[in-house]
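In terms of numbering that gives the first Met the number 0, the sequence shown opens at residue 0 and continues consecutively.
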Amino acid sequence: MDTSTLFPFLDNLQTEMLQTLEELTNLESPSTEKQHTDRLAAHLQQRFSRLGARSMLLSNPAYGNHVEVRWSAGPSDAKPALLLCHLDTVWASGTLASRSFQVRDDKAWGPGVYDMKGGIVLAEFALRALAELGLTLPRPIILLITSDEEIGSPTSRSIIEEHAHQAEYVLVLEPSLPGGIIKTARKGVGQFDVAIQGIAAHAGADPEKGASAIQELAHQILRLHGLTDLALGTTVNVGIVSGGTRSNVVAAEARAQVDVRVWTLDEARRIEALIRDCPSRTPETRVQVTGGFNRPPMERTAAGVALFEQTRAIAARLGIDLQEGAAGGASDGNFTAALGIPTLDGLGVVGDGAHAVHEHVCVDSLPQRAALLAALLLHL
Ligand SMILES: [Zn+2]
0 MDTSTLFPFL
10 DNLQTEMLQT
20 LEELTNLESP
30 STEKQHTDRL
40 AAHLQQRFSR
50 LGARSMLLSN
60 PAYGNHVEVR
70 WSAGPSDAKP
80 ALLLCHLDTV
90 WASGTLASRS
100 FQVRDDKAWG
110 PGVYDMKGGI
120 VLAEFALRAL
130 AELGLTLPRP
140 IILLITSDEE
150 IGSPTSRSII
160 EEHAHQAEYV
170 LVLEPSLPGG
180 IIKTARKGVG
190 QFDVAIQGIA
200 AHAGADPEKG
210 ASAIQELAHQ
220 ILRLHGLTDL
230 ALGTTVNVGI
240 VSGGTRSNVV
250 AAEARAQVDV
260 RVWTLDEARR
270 IEALIRDCPS
280 RTPETRVQVT
290 GGFNRPPMER
300 TAAGVALFEQ
310 TRAIAARLGI
320 DLQEGAAGGA
330 SDGNFTAALG
340 IPTLDGLGVV
350 GDGAHAVHEH
360 VCVDSLPQRA
370 ALLAALLLHL
């Protein structure tokens, strides 16, 4: 099997890839606006159908519908390759009005171009190249394009895990690290809520009858932040606090939302136990912690590294010097790696600015990364 035709073929389609990226960007798709994510899901279902894939909508009452694409070009008895994309973005509808899709300085700009509509474009054009060049695949491909990744994948997690169990390997088309670096490790993410109950009282007349939930929250915040260990890569961040009703009332209630990141499962267990062990220091107040680890860490396992080494060798044949790295953010790759399925992440486009206003994609990377993806599907 020959990969040398892939890049020239895709390079000729660069303008079309860019147009597709513009089309997908113009269909705004914030995770929490079902009308919008549904519209993009329907659009993608049709695009992949036109390509000759078996493409269907998985209806989802809670958030947007998901899209499942089956590409059965390979022998049906081989385990499939699973590709993961998400169609939702962090950008509310209407963002385009002030930040429309643009191409400037060999970069494409716009909400969601990098995270990760560019990745969906790669999947479409990699499949198209494989089909039009008549290349024979070693295994079928299943592509899942889910609608709720940016809010923690509440409705897609089980679908992703079900498919991952059957798969030979998983490739996640999330944006790469700067310069195109592949992610072989990602931190796990925990989300905890701390709720404190105190006793309300008149702050001037009866302060001794009250018990301040806010005073206790202050202790808890310092305790939680004290658990951060940068050398271990463990961070605990109280990101949102609320509490009290009036300045002249001793606060009966206070709460905090906490984000926790760790590199390993062992560390996740250790830190979770410490977070939950939260005796109150303010008499008559009660502390309750709920929540847990939503995404387990994607540890740098031997299976993941072996998959990366194969990938690196395939990339070298395309003239790409591929490197690996680790990311503090999590993705759906965390779920599949935690199941023991070899997973590579960050195979999407090269660019910068995920979740930020300077979000952009390097236009050159569109054909290059699509060729890499096609070569991987051909040789892994
Ligand atoms: Zn993403």
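Beta carbons: idealized from backbone N, C-alpha and C, even for Gly.
Report the three-state DSSP secondary structure of Ile274 (helix, strand or coil).
-> helix
Would you mind reading off the limits of the beta strand (DSSP E) that contains Asn293?
-> Arg285 to Arg294
Among Gln367, Thr281 and Val68, which has the Cα closest to the Cα of Glu215?
-> Thr281
Near ligand 1, which residues have their beta-carbon less than 5 angstroms from any of its heavy atoms, given in chain order?
-> Taking every residue with its beta carbon within less than 5 angstroms of a heavy atom belonging to ligand 1 gives, in chain order, Asp114, Met115 and Glu173.
Between Gly347 and Pro174, which are expected to be in contact by the criterion C-beta below 8 angstroms, what is the C-beta distance as a whole number of angstroms?
-> 5 angstroms
Of the listed residues Asp363, Asp344 and Pro341, nearest to Gly350 (C-alpha basis) | The alpha carbon of Gly350 has as its nearest neighbour, out of Asp363, Asp344 and Pro341, the alpha carbon of Asp363.
Pair every Cβ in the stretch 4-11 with every Cβ in the stretch 364-372, then say whether three or more of these pairs are closer than 8 angstroms.
-> yes
Validate contact between the stretch 176-186 and the stretch 323-342 using beta carbons, cut 8 angstroms, 3 pairs = yes
Every unbroken beta strand (DSSP E) inside the stretch 237-272 [3 residues or more] = 252-261
Given a cut-off of 9 angstroms, decide if Asn236 and Ala202 are closer than it, judged by their beta-carbon atoms.
-> Ala202 places its beta carbon 9 angstroms or farther from that of Asn236.
Quick one: residues in its chain with C-beta nearer than 6 angstroms to the C-beta of Val240, no 5 flanking neighbours on either side, listed in chain order?
-> If we look at Val240 and ignore the five residues flanking it on each side, its Cβ neighbours are Ala255.
Please state whether DSSP places Gly350 in a helix, a strand or coil.
-> Note: Gly350 maps to strand in three-state DSSP.
Should Leu442 and Asp331 be called a contact, given that it needs their Cβ atoms to be closer than 9 angstroms?
-> For the chain, the structure presents residues 0 to 379; residue 442 sits outside this window and is missing.
Burial state of Asn333, where buried means 16 or more other Cβ atoms lie within 10 Å | buried
Nearest-angstrom Cα separation, counted from Asn293 out to Ala200 | 38 angstroms
Boundaries of the alpha helix (DSSP H) in which Phe191 is found, first to last residue = Where Phe191 is concerned, there is no enclosing alpha helix (DSSP H), although the beta strand (DSSP E) it sits in stretches over Gly187 to Gln196.
The alpha helix (DSSP H) with Ala355 in it runs from where to where?
-> First-last for Ala355: undefined, no H or E at that position.
If you count every other CB in all the chains shown that lies within 10 Å of the CB of Gly133, and 16 or more means buried, which is it?
-> exposed
Determine contact between the stretch 138-155 and the stretch 61-70, defined as no fewer than three beta-carbon pairs at a distance below 8 angstroms.
-> yes
Gln309 in three-state terms, based on DSSP | helix
Are three or more beta carbon pairs between the stretch 218-230 and the stretch 273-287 nearer than 8 angstroms?
-> As far as the Cβ criterion goes, the stretch 218-230 touches the stretch 273-287, which means the pair count is three or higher.
Close Cβ partners of Leu273 (< 8 angstroms) along its chain, the five nearest in sequence each way excluded = Taking Leu273 as the centre and dropping the five residues before and after it, the same chain places the C-beta of Leu226 closer than 8 angstroms to its C-beta, in chain order.
What residue from Ala204, Ile119, Arg245 and Asp276 has the CA that sits closest to Val193's CA?
-> Asp276
Please specify which runs of the alpha helix (DSSP H), each continuous and at least 4 residues long, are wholly inside the stretch 58-94, giving them in chain order.
-> none
Integer Cβ distance of Leu306 from Tyr168, believed to fall under 8 angstroms = 6 angstroms
Enumerate in chain order the residues of its own chain whose CB-to-CB distance from Ala61 is below 6 angstroms, with the five nearest sequence positions on each side excluded.
-> In the same chain as Ala61, and ignoring 5 residues on each side of it, the C-beta atoms closer than 6 angstroms to its own belong to Thr154, in chain order.
Could you have a look at Ser54 and say whether DSSP puts it in helix, strand or coil?
-> strand
Okay, do the stretch 98-105 and the stretch 45-65 touch, 3+ Cβ pairs below 8 angstroms being the bar?
-> no
For Gln101, which three-state DSSP category applies?
-> Here Gln101 sits in strand by DSSP.
CA-to-CA distance, Ile270 to Phe191, given in whole angstroms | 12 angstroms
Just the Cα atoms here: how many angstroms apart are Leu343 and Ala355?
-> Separation of Leu343 and Ala355 (C-alpha to C-alpha, rounded to the nearest whole angstrom) is 24 angstroms.
Could you check if Arg268 is buried or exposed, using at least 16 other CB atoms within 10 Å of its CB as the buried criterion?
-> exposed
For Thr335, I'd like the list of residues in its chain whose CB is within less than 6 angstroms of its CB, leaving aside the five on either flank, ordered along the chain.
-> Ala163, Val169 and Thr342
Report the rounded CA-to-CA distance for Pro295 versus Ser99, giving the unit in angstroms.
-> 35 angstroms
Between which two residues does the alpha helix (DSSP H) harbouring Val120 extend?
-> Gly117 to Glu131
Unbroken beta strand (DSSP E) run spanning Ile141, endpoints | Ile140 to Thr145
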